[in-house]
Amino acid sequence: MSFSLLISLLEKKKKTISSIESLTGGLFSSKLTAVSGASKVFSGSLVTYSNESKIKAGVKKETIDTYGAISSQCSLEMAKCCKEYFLSDIAVSFTGNAGPTASENKDVGLVYITIIVDEKIETFKLSLSGDRELIRERSVLFASNKLIEFLK
Numbered sequence: 006m007s008f009s010l011l012i013s014l015l016e017k018k019k020k021t022i023s024s025i026e027s028l029t030g031g032l033f034s035s036k037l038t039a040v041s042g043a044s045k046v047f048s049g050s051l052v053t054y055s056n057e058s059k060i061k062a063g064v065k066k067e068t069i070d071t072y073g074a075i076s077s078q079c080s081l082e083m084a085k086c087c088k089e090y091f092l093s094d095i096a097v098s099f100t101g102n103a104g105p106t107a108s109e110n111k112d113v114g115l116v117y118i119t120i121i122v123d124e125k126i127e128t129f130k131l132s133l134s135g136d137r138e139l140i141r142e143r144s145v146l147f148a149s150n151k152l153i154e155f156l157k
């Protein structure tokens, strides 16, 4: 339901959206494109699962070397690169650790999501519990609910 509402609000506000995803592996864009009419508002998505692909998308290597791929700094750069690449009004990024083991000495369930709406930027740090799939689903649901809040 939330994705239908999100698409409807984007249409009503005449906004386009794009995403750049790591731990979610394209789940956000899949949920969006499952809704009829998404093509009117969805510009596209990049799945940057590896550090190398994040760097190719525009994240600075120094950012990953200094803070890690699972960081607010990386999430912010991902979202900025995404917005610029797709020239969308809104960009959302997902990076984190869905498990099952710690990565970069960071706990399973640590997720960073950055949302850029026009010039407004907000990064969220989540500590989610559950298995890999649940962490991915909760990340995507959190972002869609925040986007709906921003657009209402």
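Just add 5 to the spot in the sequence shown (first one is 1) and you have this note's numbering.
Every residue gets a Cβ at the ideal spot worked out from N, C-alpha and C, and that includes glycine.
- If you look at serine 108, you'll find it isn't in any alpha helix (DSSP H); DSSP assigns it neither H nor E.
- The beta carbon of alanine 96 lies closer than 6 Å to those of Ser23, Ala84, Cys87, Lys88, Ile121 in the same chain, with the five residues before and after it left out.
- With fewer than 16 other Cβ atoms from the protein chains shown falling within 10 Å of its own Cβ, leucine 92 counts as exposed.
- The beta carbon of asparagine 150 lies closer than 8 Å to those of Ser7 in the same chain, with the five residues before and after it left out.
- Of the candidates Asp94, Thr100, Leu146, the residue whose Cα lies closest to the Cα of lysine 125 is Asp94.
- Within the same chain, Cβ atoms closer than 7 Å to the Cβ of valine 64 are found at Cys79, Glu82, Met83, Cys86, the five residues on either side in sequence being excluded.
- Using a C-beta cut-off of 8 Å, the stretch 8-18 makes contact with the stretch 30-41, since at least three inter-stretch Cβ pairs fall below that distance.
- Residue pairing from DSSP places tyrosine 117 in a beta bridge opposite Thr100, Lys130.
- Between the alpha carbons of isoleucine 69 and serine 27 lies a gap of roughly 13 Å.
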